[in-house]
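First residue of the sequence shown? That's 7 in the numbering used here, and the numbers climb one at a time after it.
Beta carbons are placed, not taken as given, at the ideal position from N, Cα and C, and that holds for glycine.
Bear in mind the structure is a predicted one, so any value in this text is a computation, not a measurement.
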Amino acid sequence: MIDLRSDTVTRPSAAMRAAMMAAEVGDDVWGDDPTVNALQARMAALTGKDAALFFPSATQANLAALMSHCQRGDEVILGNDAHTFRHEAGGLAVLGGILPQPIENAADGTLALDRIAAEIKPDDPHFARTRLLTLENTIGGKILPQEYVTAAAALARKHGLGLHLDGARVFNAAVAQQRTLHELCDPFDTVTICFSKGLGAPIGAVLVGTHDLMGRALRARKILGGAMRQSGLLAAACIYALDNNVDRLAEDHANAAALAAGLKQIPGLGNITCATNMVFADIPAQSCAALQEALAARGIISAVSTRTRFVTHLDVTRADIDTVVAATRAFFSR
Ligand SMILES: *Cc1c(COP(=O)(O)O)cnc(C)c1O
């Protein structure tokens with residue numbers, strides 16, 4: 007099977023499972039799981055932050071970060087396409103009592119600086135207190151220009167806002183630009199990084215940040231039920247991913263580029279775009295269901311819509327890409 011729905015579908019390899027089975031463990035709520043501690047120390051060092059905390063999911067790490075920056079009734083400015091706004095079931099409002107102030111994401115994923123400035127509320131009891139700006143990198147596969155991030159951070163600082171990055175796929179951004187994680191995380195107080203996407207771990211995310219905020223995040227994680235016990239079993243998979251699955255993200259990016267190039271040759275398909283490990287293609291509405299079925303008949307799992315997203319990952323090979331292009335071409339030349 008070739009599963010292009012998401013990079014979350016990766017399965018732990020035999021070697022990753024062996025690393026998990028061999029992990030030394032302890033009770034992480036007491037702070038004495040050596041494997042979790044090793045992962046956290048390594049992520050703090052890699053990102054240049056004071057501390058790191060292991061979470062079951064990036065959704066929970068984002069929520070804990072927002073709860074660390076904001077009190078109930080405070081406001082966060084974020085993109086209307088942001089995962090934290092659109093794809094986390096409104097957790098920030100449900101559990102954090104935090105008011106989201108969405109701003110339209112531009113085509114490149116950025117939030118216009120003048121739009122951010124216009125939404126920072128003055129100190130007036132009519133308004134929620136604007137406390138935080140949250141960006142996402144990569145967003146829809148797209149890399150935020152680093153000059154933009156620097157400018158947005160300067161704006162946030164000028165207005166006394168905290169700065170959080172949903173960097174679920176920040177490793178993709180780092181590998182694609184040949185920049186260090188430290189450089190990409192530097193402008194932010196807190197950063198969420200997911201291990202169960204392209205890095206291929208079954209479970210897990212890490213939040214990194216400043217000493218004070220991470221102290222609050224530890225409490226928020228407890229409230230959210232994310233404090234785990236012998237979680238070194240899971241952290242071992244993440245350490246394995248750091249050792250083995252980071253540099254190879256470049257293969258996923260090359261495979262996505264090859265997929266986009268192949269799809270562009272097919273008449274009947276419109277507006278193909280590609281960024282890091284994601285390809286988006288416009289599929290005529292009347293063809294969506296039939297194309298998804300035709301691909302499935304060739305062992306290709308996809309979620310076809312009028313704007314279809316194909317995602318490459320470590321369980322998709324270059325030969326698989328050729329299979330997908332051939333199957334799509336065959337469909338449209340019927
Ligand atoms: C997948 C994703 C998350 C959530 O990750 P989970 O570990 O699945 O909860 C958060 N933000 C972004 C940008 C993501 O892509």
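Residues near residue 295 in its chain [Cβ-Cβ closer than 7 Å; skip 5 each side] | none
Does the beta carbon of residue 308 fall short of 6 Å from some heavy atom of ligand 1?
-> no
Use the C-beta contact count for residue 306: other C-beta atoms within 10 angstroms, 16 or more gives buried, fewer gives exposed.
-> buried
Residue 283 vs residue 262 beta-carbon contact at 7 Å | yes
Measure the alpha-carbon distance for residue 40 versus residue 210 and round it to whole angstroms.
-> 16 Å
Under the rule that 16 or more other beta-carbon atoms within 10 Å means buried, what is residue 179, buried or exposed?
-> buried
Alpha-carbon spacing of residue 200 relative to residue 114, whole angstroms | 22 Å
Secondary structure of residue 164, DSSP reduced to three states = helix
Use the C-beta contact count for residue 93: other C-beta atoms within 10 angstroms, 16 or more gives buried, fewer gives exposed.
-> exposed
Leaving out the 5 sequence neighbours to the left and right, which residues in its chain are closer than 8 Å to residue 256 when beta-carbon positions are compared?
-> 181, 182
Residue 170 Cβ short of 6 Å to ligand 1 heavy atom set = no
What are the boundary residues of the beta strand (DSSP E) that includes residue 330?
-> No beta strand (DSSP E) contains residue 330, which is instead part of the alpha helix (DSSP H) from 324-338.
May I ask you to report which of helix, strand or coil DSSP gives residue 40?
-> helix
Compare the beta carbon distance of residue 82 and residue 140 with 7 Å and say whether it is the shorter of the two.
-> yes
Ignore the nearest five residues each way along the sequence and tell me which others in residue 107's own chain have a CB closer than 6 Å to its CB.
-> Excluding sequence neighbours, residue 107 sits near 81, 83, 125.
Could you say if the segment 264-277 and the segment 44-63 meet the contact criterion of at least three C-beta pairs nearer than 8 Å?
-> With a cut-off of 8 Å, the segment 44-63 and the segment 264-277 do not count as touching, because too few Cβ pairs lie within range.
Using a threshold of 6 Å, is the CB atom of residue 16 nearer than that to any non-hydrogen atom of ligand 1?
-> no
Output the boundary residues of the beta strand (DSSP E) element that contains residue 105.
-> 105-109
To the nearest whole angstrom, what separates the beta carbons of residue 308 and residue 14, a pair I think is in contact under 8 Å?
-> About 14 Å; that fails the 8 Å criterion.
Range covered by the beta strand (DSSP E) that runs through residue 276 = Unbroken beta strand (DSSP E) run through residue 276: 276-281.
When you compare each of 197, 189, 331, 28 to residue 342 by their alpha carbons, which one comes out closest?
-> No statement about residue 342 is possible, as the shown extent of the chain runs from 7 to 340 and does not include it.
Nearest to residue 74 (by Cα), restricted to the options 315, 158, 214 | 214
Look up residue 61 in the DSSP assignment and say whether it is helix, strand or coil.
-> strand
Use the C-beta contact count for residue 229: other C-beta atoms within 10 angstroms, 16 or more gives buried, fewer gives exposed.
-> Classification of residue 229: exposed, given that the 10 Å Cβ count is below 16.
Quick one: residues in its chain with C-beta nearer than 8 Å to the C-beta of residue 86, no 5 flanking neighbours on either side, listed in chain order?
-> 92, 108, 109, 110, 111
Compute the beta-carbon to beta-carbon distance between residue 158 and residue 122, rounded to the nearest angstrom, for a pair I have assumed lies under 8 Å.
-> 7 Å
Under a three-way DSSP split, which group does residue 34 fall into?
-> Helix at residue 34.
Pick out the complete beta strand (DSSP E) segments inside the segment 129-200, 3 residues or longer, and give them in chain order.
-> 135-142, 168-172, 196-200
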